[in-house]
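Novice: Can you read through this structure? Questions will come right after.
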């Protein structure tokens, strides 16, 4: 006689549990080897910089983002020390992250006096302009190249004889960098649009409405689905902020679509 309350697992339940555990184990193993493969194909010269940027993304996003700016500064130093990354789109990302962090503080930190808010807005504008300049230059240099032309240029910048690549698969690193740049052709136009949106927000809070209007229009000409630009343009025209609809929230635009 079985003790009262004993949990009995049926044969069918056992089969389901075995299948579930097996699938989970396979998924974990796949993820491990997949991401290890990605890490091994990353340019070892800037791997630490990417880790720093990823850490910043995880812990930033509020009015205290400025406290983790040293992560951006460290990543910036790594990129700028390498001739082939000195004007890369990653530099523009760092500039815009700083712009956004200062802008959040200026607009939402209620402990800051008004005069200091204007100082933060102007400093944010400097980083915003730097990001716009970087993105624009990058698009000019890389935006219209074919895949072959892109790979040829990368080979001229990254030499397989460089000791830093010893112990790595140079072909994988080359391929990964090429894929990053090909993706960036689409994404950097959107990044530029976001920077222009930020510039419009800064202008609006500096009471320069005509300049703000121009920035929002430029942002939308680059990326018609830039909701921040749409919403702020609406507010500028005495309308209400635009909130994402249910469908947009569940199914955001594919980032790979032009």
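Numbering (my numbering), first residue to last: 122 to 379.
Backbone N, C-alpha and C define an ideal beta-carbon position, used for all residues, glycine too.
Keep in mind that this is a model prediction, so the values were computed, not measured.
#1: Is residue 309 helix, strand or coil when you go by DSSP?
#2: Classify residue 327 as helix, strand or coil using the three-state DSSP reduction.
#3: Looking only at its chain, what residues have a beta carbon closer than 6 angstroms to the beta carbon of residue 344, apart from the 5 residues adjacent to it on each side?
#4: Taking just the CA atoms, how far does residue 321 sit from residue 337?
#5: Using the Cα positions of residue 332 and residue 291, report the straight-line distance between them to the nearest angstrom.
#6: So what does DSSP say about residue 301, is it helix, strand or coil?
#7: Any chance the region 356-365 sits against the region 273-281, with 3 or more Cβ pairs inside 8 angstroms?
#8: Compute the Euclidean distance between the alpha carbons of residue 163 and residue 306, then round it to the nearest angstrom.
#9: Can you tell me whether residue 319 is buried or exposed? The criterion is at least 16 other CB atoms within 10 Å of its CB, across all chains shown.
#10: Expressed to the nearest angstrom, what Euclidean distance is found between the alpha-carbon atoms of residue 200 and residue 348?
#11: Determine whether the Cβ of residue 239 lies closer than 9 angstroms to any Cβ atom of chain B.
Specialist: In short, the structure shows the following:
#1: Of the three classes helix, strand and coil, the one that applies to residue 309 here is helix, per DSSP.
#2: Three-state result, residue 327: coil.
#3: Within the same chain, Cβ atoms closer than 6 angstroms to the Cβ of residue 344 are found at 311 and 314, the five residues on either side in sequence being excluded.
#4: Rounded to whole angstroms, residue 337 to residue 321 spans 6 angstroms at the Cα level.
#5: Looking at the two C-alpha atoms, the distance is approximately 47 angstroms.
#6: The three-state secondary structure of residue 301, taken from DSSP, is helix.
#7: Inter-segment contact for the region 356-365 and the region 273-281 is absent: fewer than three beta-carbon pairs are separated by less than 8 angstroms.
#8: Each residue's alpha carbon lies about 19 angstroms from the other.
#9: When all chains shown are included, residue 319 counts as buried.
#10: Rounded to whole angstroms, residue 200 to residue 348 spans 30 angstroms at the Cα level.
#11: Chain labels in this structure do not include chain B; a single protein chain is all it has.
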